[in-house]
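A.B. asks: The structure under discussion is supplied below as structure tokens; questions concerning it will follow.
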Amino acid sequence: MAGAGRPPGDSGRPVDRDQEAAGVAHDSPVFVISVAAQLSGLHAQTLRSYDRLGLVSPGRAAGGGRRYSQRDIALLREVQRLSQDEGVNLAGVKRIIELEQLVDELQARLEETAAELDAVRAAAAHATAAVHRSYRRDLVPVDRRQAVVRWRPAQPD
């Protein structure tokens, strides 16, 4: 399975530096189906089948041809690993992929929420500090539990 915190199908391997140098992102659809089949070690018909089943959804060229990204290739390898090595049927593989995507989305949402919480905490601390700076220094807080009480003897009637 893809590692936690990585996009689905991301095997954690480094991005091809030649592609990176050429300005090609890890998820840019650049490979035609024959090249993707060769890179993934699968038959082109298998790739078409996986696309129809919704396991891997490659980009499309202007003419409608499939274009696979590095991420798609990694996902194809993961589908193959799960089905061949782990014995998971394709419906199970699809569910695993969906759940990994959900986990990734939830982790991203959690990170966003944590960042928002940090910002709110910082703003609250800043506001608290501003209030403390505005205190008048000539006033001294008195703890009413330790207040001095003046005793007066009872007056005779």
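Here this note's numbering is used: the first residue of the sequence shown is 24, the next is one more, and so on. Ideal Cβ placement from N, Cα and C applies to all residues, glycine included.
Can you list, in chain order, the residues of its chain with a C-beta nearer than 8 Å to that of Ile96? Leave out the 5 residues immediately preceding and following it.
C.D. replies: Phe54, Ala59, Leu62, Ser63
A.B. asks: If you pair each beta-carbon of the stretch 79-86 with each one of the stretch 108-116, do three or more pairs fall below 8 Å?
C.D. replies: no
A.B. asks: Taking the alpha helix (DSSP H) that Ser106 falls in, what are its first and last residues?
C.D. replies: 93-107
A.B. asks: Label Leu99 either buried or exposed according to how many other C-beta atoms from any shown protein chain fall within 10 Å of its C-beta, with 16 as the threshold for buried.
C.D. replies: buried
A.B. asks: Whole angstroms is fine: what's the gap from Val111's alpha carbon to Ile120's?
C.D. replies: 12 Å
A.B. asks: Shortest alpha-carbon distance to Gly87 belongs to which of Pro52, Pro176, Val143?
C.D. replies: Closest by alpha carbon: Pro52.
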